[in-house]
Amino acid sequence: MTLRSVAKTFGNATVALRGVDLDIVQGKVHGLLGANGAGKSTLIKILSGTFKASGGTIIWRGQPVSWDSPKAANDMGVATIHQHIPLVPTLSVLENVFLGSGGAWRLARASRKRFDELCARMNYWPDPDALVSDLSIGARQMVCILQALGTGADLIVMDEPTASLATDERELVYAAVKQLSKVENKAVLFVSHFLDEVMALTDQVTVLRDGEAVLRAETHTLDESRLAEAIVGKQIVELERAAQGRSEAALAAAPIRLELRDLASSGRLKPLSLKVAKGEVIGIAGLLGSGRSELIHAIFGADKHATGTVVLDGQPVPIGTAAAVKAGIGLVPEDRMGQGLVPDFEIWRNLTLPALHSVSVLGSLPVTQREKDRGEEAIRMLSIKASSPDILVRELSGGNAQKVTIAKWMFSDVKLFLLDEPTAGIDIGAKTDILRLIRKLADEGKTVVMVSSEFEELLAVADRILVMRDGECTAIRHAHQTTEHELLLLAGGQATAKPADGHNSDQAAGH
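Be aware that the sequence shown starts at 223, since it is given in my numbering, and climbs by one per residue.
Quick look at the structure:
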């Protein structure tokens with residue numbers, strides 16, 4: 223497949239791709255990299271038939287093409303394995319592999335033989351009658367690969383196929399990619415954030431940044447450092463630092479607010495011990511599937527498999543979300559509308575959900591006027607763009623909805639804020655507001671643990687940054703002593719990562 227000057231502009235004048243060139247060769251693995259918002263997802267959706275390009279040319283098997291649906295792309299020999307595995311959990315492995323290829327009679331008469339042939343070609347033998355819902359994520363990914371091979375596709379697009387997999391499961395996928403390209407002679411477009419696997423698996427690499435292909439090269443001519451430089455590039459928008467973080471000496475002198483003692487979760491988190499000071503912002507960096515969200519869920523008591531101890535202000539916190547909230551821990555989840563807010567409630571009603579006791583009278587039901595007063599106060603204090611606290615949360619922009627999510631904990635006696643991707647999907651102005659708010663919370667003596675895929679933001683707001691990979695803390699850096707480039711290398715598996723450090727040698731350790 224050859225792409226020349228492929229562009230994509232959406233109806234709101236947002237430019238997602240700016241004249242991208244790409245060559246995907248039969249029998250080769252082509253790596254596609256880029257930061258969030260670089261244009262990778264848009265390009266994948268064009269190749270898979272979900273989007274139509276606004277300009278440029280796509281040549282497939284020597285002919286210009288422009289398919290208008292995923293089925294059309296699939297029928298033409300382009301199979302896409304999406305990041306969020308699109309299998310039917312209530313169907314068997316066999317039924318999923320041949321999903322859409324025919325009726326039950328085909329499954330009964332011919333598909334088992336065909337299934338065995340596909341398994342032999344990939345040297346992978348799952349139980350054809352097992353329900354997909356009973357499979358591990360890695361096994362589901364392999365079923366997707368069998369499904370793609372079964373379509374007869376000549377180009378297989380793999381979008382972050384190893385992002386959520388454990389190490390042993392990744393090895394299965396790596397072997398499958400090599401089999402597809404070198405033995406089956408398929409062209410593979412391999413999208414990944416993991417620099418080490420891109421270097422090990424791919425033949426050519428293209429890096430997208432801000433919708434443009436800024437690097438196209440043979441993989442053997444590159445190293446991880448060069449890839450990281452291309453991904454990060456110059457900062458198009460400089461995020462101002464919301465406030466200067468405190469000095470290392472000040473952090474070392476501050477009382478310990480949060481202590482983790484061998485906090486772990488089977489298959490999710492390796493044991494982690496960590497001390498975080500009162501008024502400190504600690505950022506959690508890592509790629510998708512690294513264990514970032516799992517860590518803060520374990521701190522919040524939302525992981526029933528978690529072991530170890532969470533200590534807040536010297537007191538162990540019993541496992542469980544109710545106990546965590548009672549102790550003074552608040553979680554702002556990544557899915558703000560699904561888990562953090564009630565979209566069909568007004569602003570004022572959402573704000574007071576965790577703190578109904580503070581707006582009640584003698585323990586009776588809350589007084590609506592008091593709740594509304596809280597809503598007015600939050601709108602003023604956080605510059606929430608809403609005409610009144612009676613506005614439904616679902617009518618707010620992403621940035622303003624996120625401010626409500628954070629504000630609802632500010633009206634409780636919260637000492638520790640756990641923020642999971644607090645700026646995801648919001649505009650730069652709202653991002654800056656939220657970063658300022660995070661520093662303001664720290665200045666007021668609150669402690670913040672913040673997960674973000676935007677390493678630039680962590681550098682702008684955090685005092686220290688903890689790097690996760692495969693459920694393990696691999697490094698801790700003081701924000702002013704590291705760079706986005708180094709964080710990307712550490713998160714992507716750079717083998718030369720230094721041991722974790724803390725504001726005292728005994729105050730931060732992953733092991």
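Positions of the beta carbon are idealized from the N, C-alpha and C atoms, including for glycine. Predicted model, so just to flag it, every value in this text is computed and none were measured.
In the DSSP assignment, Asp243 forms no beta bridge with any residue. The beta carbons of Leu638 and Gly550 sit about 6 Å from each other, so the pair counts as a contact at 8 Å.
In the three-state scheme derived from DSSP, where H, G and I count as helix and E and B as strand, Arg686 is classed as strand.
Between Ile698 and the set Glu446, Met380 and Asp685, the nearest pair of CA atoms involves Asp685. Here Asp338 carries a helix assignment [DSSP, helix/strand/coil]. Boundaries of the beta strand (DSSP E) around Leu482: Ile478 to Ser487. The beta carbons of Ala260 and Ala229 sit no closer together than 8 Å. Look at Ile613 here: in three-state DSSP terms it is coil, with no helix or strand label.
Assignment of alpha helix (DSSP H) within the region 335 to 410, counting only whole runs of 4 or more residues, yields 359 to 372 and 389 to 400 in chain order. Less than 8 Å separates the beta-carbon of Leu316 from that of Asp351. Remark: fewer than three beta-carbon pairs, one from each stretch, lie closer than 8 Å, so the region 382 to 392 and the region 230 to 245 are not flagged as touching. In terms of Cβ geometry, Leu709 and Leu659 do not form a close pair [threshold 8 Å]. Comparing alpha carbon positions, the residue from Asp566, Gln363 and Thr279 closest to Pro311 is Gln363. One thing to note: Val626 has its Cβ no nearer than 8 Å to the Cβ of Val636. In this chain, the beta strand (DSSP E) harbouring Ile698 covers Glu694 to His700.
Between Ile569 and Ala608, the CB-CB gap stays under 8 Å.
The region 534 to 541 makes no contact with the region 554 to 564; the number of CB pairs closer than 8 Å stays below 3. Judged by DSSP secondary structure, Lys293 falls within the alpha helix (DSSP H) whose first and last residues are Pro292 to Asp297. Distance from the CA of Leu265 to the CA of Asp245, rounded to the nearest whole angstrom, comes to 13 Å. CA-CA distance, Cys366 to Ser610, rounds to 48 Å. In the three-state DSSP reduction, Lys630 falls in the helix class (H, G or I). Secondary structure note for His252: its beta strand (DSSP E) is the uninterrupted segment Val251 to Leu255.
Under the three-state reduction of DSSP output, Val310 falls in the coil class, being neither helix nor strand.
Residue pairing for Val673: DSSP places it in a beta bridge opposite Ile506 and Asp642. Around the beta carbon of Gln426, 16 or more other beta carbons sit within 10 angstroms, so the residue counts as buried.
Following the DSSP letters along the chain, one finds Arg431 inside the beta strand (DSSP E) bounded by residues Gln426 to Arg431. Within the same chain, Cβ atoms closer than 6 Å to the Cβ of Ala452 are found at Val429, Val436 and Leu437, the five residues on either side in sequence being excluded.
A buried status is given to Ala546, since no fewer than 16 other beta-carbon atoms sit within 10 Å of its beta-carbon.
Counting along the chain, Lys262 sits inside the alpha helix (DSSP H) bounded by residues Lys262 to Leu269. Excluding residues up to 5 positions away in sequence, Val319 and Leu340 lie with their Cβ nearer than 6 Å to the Cβ of Gly372 in the same chain.
For the set Ser515, Ala528 and Phe522, the Cα lying nearest the Cα of Ser488 is the one of Ala528. By the Cβ neighbour-count rule, Thr704 is buried, with 16 or more other Cβ atoms within 10 Å of its own. Closest in alpha carbon position to Asp432, among Ala238, Ala471 and Val689, is Ala238.
Secondary structure at Trp282: strand, using DSSP grouped into helix, strand and coil.
Beta-bridge analysis with DSSP links Phe412 to Gly253 and Met380.
Inter-residue distance for Leu680 and Asp349 is about 44 Å (C-alpha atoms, whole angstroms).
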